[in-house]
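Colleague: Got a structure here, written out as structure tokens. Questions coming.
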Amino acid sequence: MSLLSAFPRTQIPDEAEKLRPQVKAFLEKSISHMRPQDRAKTWTGFDAEFSRALASHGWVGLTIPEGYGGGGRDAFARFVLVEELLAAGAPIAAHWIADRQSGPLLLRYGTEEQRQFYLPPICRGESFFCIGMSEPNSGSDLASVRTRAIRDGHSWRLTGSKIWTTYAHQSDYMIALVRTSGEPKDRQKGLSQFIIDLSLPGITIRPIRLGTLDSDFSELHFEDVRLPDNALVGTDGEGWTQVNAELAFERSGPERFYSALVLLDMWAERMRAEPCPQDREILGRLIARLASLRAMSIALTGRLAAGESPVIEAALVKDLGTSFEQDIPEIVAASVGAVPDRDADPDMLATLAYLLQLNHVFSLRGGTREILRGMIARGLGLR
Amino acid sequence: MSDMDDILLDPFKRLLAHICTPSVIRDEEGRSGLAQCWGELEQSGFIDALLPESRGGAGLSLSEVFPLVVACGEAALPAPFAETMVARALLDKRGAELPTGAAIVLAPPSPVVPLAAKASHALVTANGRLSLIAMNAGASDPFRAGGYADQLKGETLLEVAAGGIDLQAWAAALAAAQMSGMMMRILDMSLRYANEREQFDRPLSKFQAIQHQLAVGAEYAVSAHTAAAIAMSGQHFDPLRAAAAKVCAGEAASKLCAIAHAVHGAIGVTEEYDLQIYTRRLKQWALAFGNERYWADVLGSARLGTEAGTSADFVRLHLGNME
Chain A
0 MSLLSAFPRT QIPDEAEKLR PQVKAFLEKS ISHMRPQDRA KTWTGFDAEF SRALASHGWV
60 GLTIPEGYGG GGRDAFARFV LVEELLAAGA PIAAHWIADR QSGPLLLRYG TEEQRQFYLP
120 PICRGESFFC IGMSEPNSGS DLASVRTRAI RDGHSWRLTG SKIWTTYAHQ SDYMIALVRT
180 SGEPKDRQKG LSQFIIDLSL PGITIRPIRL GTLDSDFSEL HFEDVRLPDN ALVGTDGEGW
240 TQVNAELAFE RSGPERFYSA LVLLDMWAER MRAEPCPQDR EILGRLIARL ASLRAMSIAL
300 TGRLAAGESP VIEAALVKDL GTSFEQDIPE IVAASVGAVP DRDADPDMLA TLAYLLQLNH
360 VFSLRGGTRE ILRGMIARGL GLR
Chain B
0 MSDMDDILLD PFKRLLAHIC TPSVIRDEEG RSGLAQCWGE LEQSGFIDAL LPESRGGAGL
60 SLSEVFPLVV ACGEAALPAP FAETMVARAL LDKRGAELPT GAAIVLAPPS PVVPLAAKAS
120 HALVTANGRL SLIAMNAGAS DPFRAGGYAD QLKGETLLEV AAGGIDLQAW AAALAAAQMS
180 GMMMRILDMS LRYANEREQF DRPLSKFQAI QHQLAVGAEY AVSAHTAAAI AMSGQHFDPL
240 RAAAAKVCAG EAASKLCAIA HAVHGAIGVT EEYDLQIYTR RLKQWALAFG NERYWADVLG
300 SARLGTEAGT SADFVRLHLG NME
């Protein structure tokens with residue numbers, strides 16, 4: 000990997016920028032009533048009604064071809080849309096996974112029948128997806144998954160468990176990585192992807208309650224679940240390759256650095272009311288980092304739009320980006336805590352408290368920091 | 000990278016490889032005055048890349064010459080090529096006659112002016128005017144890297160209206176771009192060393208602690224390079240874009256120097272080994288023309304002065320132009 004050419008200078012095209020004022024106007028109407036601490040949830044805030052309202056504007060499945068009910072736009076247009084949604088703190092979790100990953104995956108690896116069946120409802124905001132990766136004994140070591148699908152005539156029988164699946168309990172479908180041949184010791188070989196209708200018999204879903212009392216994740220058990228032949232996505236045994244093709248999409252986007260932006264802007268507002276030179280300097284450092292991250296993410300958006308799969312570069316953006324969004328609550332906490340006799344705005348305090356309780360997760364979801372750094376090191380030629 | 004970059008950059012890098020070897024750099028460190036290679040650099044044609052074609056230049060934009068500036072840093076070129084290129088374009092635009100044979104540094108207020116010992120002239124600001132001075136020799140080069148910590152003095156040759164030009168921002172942007180090149184070189188050297196050096200019967204690169212440090216080093220280097228590209232975009236240098244670049248470069252510099260020297264161990268600081276050539280310069284540049292604290296305050300103040308919109312809007316509107 001040549002680092003200097005890995006992030007080419009890239010400008011969002013004017014055509015894509017035209018979408019921005021429309022999205023801003025929509026958000027002004029639809030979420031200005033939301034409390035900041037709820038807006039701080041951004042892509043983990045689940046609101047099916049909001050997702051359907053977005054879909055009615057054609058903004059779910061923006062990059063899916065029009066023939067399947069999508070917007071037929073490019074990755075830059077989606078960057079503009081997503082940037083505005085995240086910066087405003089819109090609750091986009093319901094359609095997020097289908098929009099970012101499952102739709103594009105089905106478009107790339109799905110059969111024509113699968114595309115016709117699944118993509119139009121995704122684009123209408125009527126069909127929500129989750130991704131089944133982690134298992135109770137397979138976290139960072141994803142290739143060790145044990146959930147197994149066994150061919151049985153013209154169907155498959157699925158047995159096993161998935162855990163830490165974001166919003167499985169509110170989703171319609173899961174795209175899962177499971178073993179179809181061999182043993183866990185065969186690692187990346189013998190894995191396949193399935194699309195699982197979560198209403199099928201034999202599936203139990205238990206939301207996992209967090210210390211914050213939110214339930215973003217669930218645990219799922221599959222007991223001899225009968226899947227139709229056409230539940231297989233792509234090629235039997237090619238699951239690992241297919242999953243890896245998604246990673247550049249999953250790791251390079253602005254959701255990897257905007258998770259605490261709502262709080263950053265509240266903090267800036269507080270500073271306007273009562274200036275603090277030390278904080279002002281720290282704010283400037285964050286703005287500089289954000290400028291660089293945004294340019295890097297747009298560079299990868301361009302490479303994705305060109306059909307490339309910059310997986311290692313995406314890992315680099317995610318590690319830098321999640322460090323940035325993890326730092327924001329810590330910095331704001333340091334600022335608030337340093338002036339004990341000043342009343343903090345209750346909304347800001349609630350937003351800060353929410354993010355402080357979960358910012359450690361930012362570098363876990365979507366591939367841990369340690370796994371990413373290992374990937375980057377290999378990409379740099381360290382062996 | 001575009002083809003344009005390659006057509007321009009490849010011959011420039013070949014020139015640098017020819018005229019700027021580590022032994023040349025060491026030789027130049029021992030004395031002040033123009034670098035031996037200055038004549039070749041000046042005659043190469045690259046020096047007027049920013050001048051309009053009608054004035055004998057190549058009519059290139061800041062973004063197009065950015066890779067050249069990065070390459071100067073990567074080579075630790077002991078000559079103010081980038082600064083002279085920019086100063087010549089500026090003076091020409093103001094209708095001033097370009098001095099021949101002049102190696103020009105940009106010298107806004109700064110505790111140290113890198114490359115000043117390798118320059119004949121300096122562009123300074125006073126009373127809203129830009130002055131070109133023929134520099135007297137300085138005495139203090141605390142980083143032993145061809146920079147002067149003395150106040151630059153000399154005869155004023157010409158003066159032009161500053162016309163809104165913030166020399167500090169210009170100098171900081173060029174510093175950030177050259178720093179990003181130095182950081183790429185430092186990272187490359189560290190990666191190579193980690194693959195070659197063995198301890199406990201295996202290469203350092205097998206140790207996860209080393210792998211992760213170098214991965215972080217690469218992140219900082221890329222972040223600094225991207226921010227420097229932001230500063231070298233648009234029609235002219237801009238204080239906010241320069242600020243973002245110098246903040247990212249400064250933060251990255253201290254992290255990457257620490258990582259590179261940790262990976263190398265003691266050999267890294269020895270005179271005979273090349274790493275110190277780059278890290279000494281990098282620390283000197285980080286100190287010059289406003290460090291990350293100075294520029295972060297500029298950025299923070301600008302953000303606070305912009306009430307409308309989110310920080311994402313601020314970044315897009317003020318730091319989002321990459322053309």
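Residue numbers (numbering that gives the first Met the number 0), protein chains in the order written: chain A, 0 to 382; chain B, 0 to 322. Even for Gly, the Cβ is constructed at its ideal location relative to N, Cα and C.
Is there a Cβ of chain B sitting closer than 8 Å to that of Y257 of chain A, yes or no?
Modeller: yes
Colleague: Classify F45 of chain A as buried or exposed, calling it buried when 16 or more other Cβ atoms lie within 10 Å of its own Cβ.
Modeller: buried
Colleague: For the stretch 262 to 278 of chain B, enumerate the residues whose C-beta is nearer than 8 Å to any C-beta of chain A, in chain order.
Modeller: none
Colleague: Using a Cβ-Cβ cutoff of 9 Å, what residues of the stretch 271 to 294 of chain A are near chain B? List them in chain order.
Modeller: R271, P274, P276, D278, R279, E280, I281, L282, G283, R284, L285, I286, A287, R288, L289, A290, S291, L292, R293 and A294
Colleague: With 8 Å set as the bound, which would you pick, yes or no: does the beta-carbon of E82 of chain A sit closer than that to a beta-carbon of chain B?
Modeller: yes
Colleague: DSSP three-state call for M0 of chain B: helix, strand or coil?
Modeller: Reliability of the predicted coordinates at M0 of chain B is poor, the pLDDT of 42 falling under 50, and the value obtained from them is presented with this limitation in mind. Three-state DSSP puts M0 of chain B in coil, outside helix and strand.
Colleague: Quick one: list the residues of chain B neighbouring D318 of chain A, beta-carbon separation under 7 Å, in chain order.
Modeller: E218
Colleague: In whole angstroms, what is the alpha-carbon distance linking S198 of chain A and D151 of chain A?
Modeller: 20 Å
Colleague: Determine, using beta carbons only, whether Q10 of chain A comes closer than 8 Å to chain B.
Modeller: yes
Colleague: Any Cβ of chain B within less than 8 Å of the Cβ of R372 of chain A?
Modeller: Interface residue, yes.
Colleague: When the cut-off is 8 Å and only beta carbons count, does G299 of chain B lie next to chain A?
Modeller: yes
Colleague: Please name the residue or residues paired with F128 of chain A in a DSSP beta bridge.
Modeller: A:Y172
Colleague: Comparing the CB of V224 of chain A with every heavy atom of the ligand PLP, is any distance shorter than 7 Å?
Modeller: Looking at this structure, you won't find the ligand PLP or any other ligand, since it has none at all.
Colleague: Please list the partners that Q150 of chain B has in chain A, where partner means a Cβ-to-Cβ separation under 9 Å.
Modeller: Chain A residues near Q150 of chain B: none, gap ~27 Å exceeds 9 Å.
Colleague: Output needed for Q167 of chain B: all residues of its chain with C-beta closer than 7 Å, excluding positions within five of it in sequence on either side, in chain order.
Modeller: P107, F288 and G289
Colleague: Mapping DSSP to helix, strand and coil, what is D384 of chain A?
Modeller: Only positions 0 to 382 of chain A appear in this structure, which leaves residue 384 of chain A out of reach.
Colleague: Return the residue from the list B:L298, B:A257, B:D296 and B:V314 that minimises the CA-CA distance to R279 of chain B.
Modeller: B:A257
Colleague: Please compile the residues from chain A whose C-beta is within a distance smaller than 8 Å of the C-beta of F313 of chain B.
Modeller: I286
Colleague: Relative to the C-alpha of W294 of chain B, which residue among A:R293, A:L292, A:A287 and A:S139 is closest?
Modeller: For W294 of chain B, the closest alpha carbon among the candidates A:R293, A:L292, A:A287 and A:S139 is that of A:A287.
Colleague: R341 of chain A touches chain B at which residues, Cβ-Cβ below 8 Å?
Modeller: Ordered by position in chain B, no residue passes the 8 Å Cβ test against R341 of chain A, which lies about 17 Å from the chain.
Colleague: Does the distance from the C-beta atom of R87 of chain B to that of L97 of chain B stay below 8 Å?
Modeller: yes
Colleague: Determine whether the Cβ of A208 of chain B lies closer than 8 Å to any Cβ atom of chain A.
Modeller: no
Colleague: Name, please, each residue of chain B whose Cβ falls closer than 8 Å to the Cβ of D264 of chain A.
Modeller: T309 and S310
Colleague: Classify H168 of chain A: buried if its beta carbon has 16 or more other beta carbons within 10 angstroms, exposed otherwise.
Modeller: Label assigned to H168 of chain A: buried.
Colleague: Going by the CB atoms, is the gap between V316 of chain A and R255 of chain A shorter than 8 Å?
Modeller: yes
Colleague: What did DSSP end up calling M183 of chain B once you bin it into helix, strand or coil?
Modeller: Note: M183 of chain B maps to helix in three-state DSSP.
Colleague: Between the stretch 224 to 236 of chain B and the stretch 163 to 177 of chain B, are three or more C-beta pairs nearer than 8 Å?
Modeller: yes
Colleague: Evaluate E245 of chain A with the Cβ neighbour count: other Cβ atoms within 10 Å of its Cβ, from every protein chain shown; 16 or more gives buried, anything less gives exposed.
Modeller: Around the Cβ of E245 of chain A, a 10 Å sphere holds 16 or more other Cβ atoms; the residue is buried.
Colleague: Can you name the residues of chain B whose CB is closer than 7 Å to the CB of A313 of chain A?
Modeller: Here the premise fails: no neighbours, minimum Cβ distance about 12 Å.
Colleague: Could you pull the DSSP bridge partners for H220 of chain A from this structure?
Modeller: A:S160 and A:T203
Colleague: Put I18 of chain B into one of helix, strand or coil per three-state DSSP.
Modeller: helix
Colleague: Taking C-beta to C-beta, are D273 of chain B and P21 of chain B nearer than 8 Å?
Modeller: yes
Colleague: Spatial neighbours of L67 of chain B within its chain, please: C-beta separation below 6 Å, excluding the five flanking residues on both sides.
Modeller: Scanning its chain for C-beta atoms nearer than 6 Å, with the 5 sequence neighbours on each side dropped, one finds around L67 of chain B the residues F11, in chain order.
Colleague: Could you tell me how far apart the beta carbons of V268 of chain B and A193 of chain B are, in whole angstroms, since I believe they sit closer than 8 Å?
Modeller: About 17 Å; that fails the 8 Å criterion.
Colleague: What's the call for L212 of chain A, buried or exposed, on a 16-neighbour Cβ count within 10 Å?
Modeller: exposed
Colleague: Between A:A267, A:G301 and A:F221, which has its C-alpha nearest F248 of chain A's C-alpha?
Modeller: A:G301
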